[in-house]
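Working notes for the structure below.
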Amino acid sequence: MKKITPVLLAGGGGTRLWPLSRKSYPKQFLNFIGDNTLYQKSAQRLTSSSIISFAPHITLTNSDFRFIISAQLEEVGITPGPILIEPESKNTAAAILAASVFAYSKDKDAVLLVAPSDHEIPDRQNLHKVISVGLTQVQLRKIVTFGIKPTHPETAYGYLELSTGDPNKCGVHNVIKFIEKPNLAHARHLLESNSFFWNSGIFLFYAKDMIDAFKAYSPDTLIHVSKSIDDSTKDLGFLRLSADPWSRLENISIDYAIMEKAQNLVAVPYNSKWSDLGGWDSVWYESKQDQSGNVTSETSHAIECSNSLLRSESSNQQLVGIGLSDIVAITMPDAVLVAHKDRSQDVKKAVSLLRTKGVAQAEIFPKDYRPWGWFESLVLGDQFQVKRIYVKPAEALSLQSHNHRSEHWIVVEGTAKVTIDDSIKIVSAGQSVFVPLGAKHRLENPGKLPMVLIEVQIGAYLGEDDIVRYKDAYARD
-6 MKKITPVLLA GGGGTRLWPL SRKSYPKQFL NFIGDNTLYQ KSAQRLTSSS
44 IISFAPHITL TNSDFRFIIS AQLEEVGITP GPILIEPESK NTAAAILAAS
94 VFAYSKDKDA VLLVAPSDHE IPDRQNLHKV ISVGLTQVQL RKIVTFGIKP
144 THPETAYGYL ELSTGDPNKC GVHNVIKFIE KPNLAHARHL LESNSFFWNS
194 GIFLFYAKDM IDAFKAYSPD TLIHVSKSID DSTKDLGFLR LSADPWSRLE
244 NISIDYAIME KAQNLVAVPY NSKWSDLGGW DSVWYESKQD QSGNVTSETS
294 HAIECSNSLL RSESSNQQLV GIGLSDIVAI TMPDAVLVAH KDRSQDVKKA
344 VSLLRTKGVA QAEIFPKDYR PWGWFESLVL GDQFQVKRIY VKPAEALSLQ
394 SHNHRSEHWI VVEGTAKVTI DDSIKIVSAG QSVFVPLGAK HRLENPGKLP
444 MVLIEVQIGA YLGEDDIVRY KDAYARD
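The sequence shown lines up with residues -6 to 470 when you count with the numbering used here.
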């Protein structure tokens, strides 16, 4: 059985699931339903079964997310495959072609399954069955997409019009046309017909056939992407695509660049559960609801409410709704969203408003994830800041100094190995150490358990760019 190489697109940052999803930590890396993140679930469902055999994943992402991806795969026991770093976002056409050129350079017969990494598709077995149907068409040199049978009039999705009448023996349809996100009246009309399906954005094809499609319909894109792959550099196991040719690429989706023009495009219907979780209304719809239609988190409570989503993201923050109907209420330590469920697609307006006001919460997640762990700001004053810092076992921050601040570290969990200039000491839970302004220092976790400390910064400038690095295990500047 021919192995399929899954390609996960994980570089995007949406705005419709704010305040939980933000540019610095978007929805694919978050847990909305179940125990794992959307990215983890995407990787898990594209592993081998008795129906389909998969090769290691290829992931397309940006530099900020590369360590998050490798860490999340390792958490679920998946060895990271190739991770390609896009210099900047150029939409799905460039990303899919980059994966195709890269895979073709390794295997001239490579078959790729490209999928967004932020979708909810719980029925893995049925998904593998339709992929196996698609694979029969790939052998005939077709490019295959998957249409989702609509369950309600959805205005947040694009649609596919598929050929009517009896499909061929494999249940495969020709794609008549792509339809942009409709208004509600049009969506209701599309739902009444059996020939319209939601556009899943999932594609199956030979890498060579995708490269040939770009030769025919977008040759400049092929030139720039190929050059970016040829001039790529290895960075700690990641592959950084070359920035200069990448910058010359058009920002365009694969649908516009190729799929709407391709003469060998076919579609396989998928009739099981699927959602791109494109808004809080989708999260409510896909989640388990109580008898009154409410969805609540562990620290959220509904009193005489109906059809509402109440979610608190802090273990010590209680959210209580009273007499609410069709309401979404999401609380974070630094931001709160309250909206009517029918206005979920307008959450992006809140993000735009905060951006115009220069509010950091528009894009910055409260926890800043790094390859060694994470930190979060607890209190920020005029010339001081208090942080909580979490360091994973056997990991270390860079050897660094600051020009504008001193730091006081209090270890509250685990054990820290602290370097300050020529001094190295072990600091245990309940002990503290002072780092003078300008001192070269490093924080390490030598133990087998996580290490947590409270950091108090004092100085005239407290920005994250006040760092001079001397040695760094992660090759950061």
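Don't be surprised by glycine CBs; every beta carbon is placed ideally from N, CA and C.
Taking 3 residues as the minimum length, the beta strand (DSSP E) runs contained wholly in the segment 136 to 198 are 136 to 141, 152 to 155, 166 to 172, in order along the chain. In this structure, the CA atom of Arg117 is about 25 Å from the CA atom of Ala88. Residue burial is scored here from C-beta neighbours: Lys135 has at least 16 other C-beta atoms within 10 angstroms and is therefore classed as buried. Note that the segment 0 to 11 does not touch the segment 253 to 264; fewer than 3 beta-carbon pairs, one per stretch, sit closer than 8 Å.
In this structure, the CA atom of Ile71 is about 20 Å from the CA atom of Leu120. Residues of the same chain with a CB within less than 6 Å of the CB of Arg462, apart from the 5 flanking positions on each side, are Ser391, Gln393 in chain order.
Excluding sequence positions up to five before and after Ala200, its CB lies within less than 6 Å of the CB of Ser93, Ala96, Tyr97, Ala103, Leu105, all in the same chain and listed in chain order. No Cβ-Cβ contact shorter than 7 Å links Ile451 with Ile403. A Cβ-Cβ separation of about 7 Å places Thr292 in contact with Leu312 under the 8 Å criterion. Per DSSP, Glu253 is not a residue of any alpha helix (DSSP H), being assigned neither H nor E. Pairing Asp319 with Ala48, the inter-Cα distance amounts to about 44 Å.
The beta carbon of Pro359 sits closer than 7 Å to those of Met325, Pro326, Asp327, Glu369, all from its chain and outside the five residues before and after it, given in chain order. Excluding sequence positions up to five before and after Tyr150, its CB lies within less than 6 Å of the CB of Trp191, all in the same chain and listed in chain order.
Contact between the segment 410 to 430 and the segment 340 to 348 is absent, with fewer than three C-beta pairs closer than 8 Å. Here the alpha carbon of Gln338 sits roughly 8 Å from the alpha carbon of Gly271.
DSSP places Leu242 in the coil class of the three-state scheme, outside both helix and strand.
Going by DSSP, Glu79 is part of the beta strand (DSSP E) stretching over 76 to 79.
Lys464 and Arg435 have their C-alpha atoms spaced approximately 9 Å apart. Unbroken beta strand (DSSP E) runs of no fewer than 3 residues, entirely contained in the segment 312 to 367, are found at 312 to 315, 320 to 324, 329 to 333, 360 to 363, following chain order. Within the DSSP bridge table, the entry for Arg233 names Ile78, Thr226 as partners. With the rule of 3 Cβ pairs closer than 8 Å, the segment 123 to 133 does not count as touching the segment 216 to 235. Within the DSSP secondary-structure output, Ile71 pairs in no beta bridge. The segment 170 to 177 makes no contact with the segment 195 to 212; the number of CB pairs closer than 8 Å stays below 3.
Leu23 is positioned such that its CB atom lies closer than 7 Å to that of Leu13. With respect to Ile141, Trp267 sits close: the two C-beta atoms are nearer than 7 Å. Going by DSSP, Lys410 is part of the beta strand (DSSP E) stretching over 408 to 413. Pairwise C-beta distances place the segment 77 to 88 out of contact with the segment 26 to 39, as fewer than three of them are shorter than 8 Å. As a beta-bridge residue in DSSP terms, Ala295 pairs with Gly314.
Gln33 sits buried, since 16 or more C-beta atoms from the chains shown fall within 10 Å of its C-beta. Within the same chain, Cβ atoms closer than 8 Å to the Cβ of Gln310 are found at Thr292, Thr324, Pro326, the five residues on either side in sequence being excluded. Assignment of Ile61 by DSSP, reduced to helix, strand and coil, places it in the helix class.
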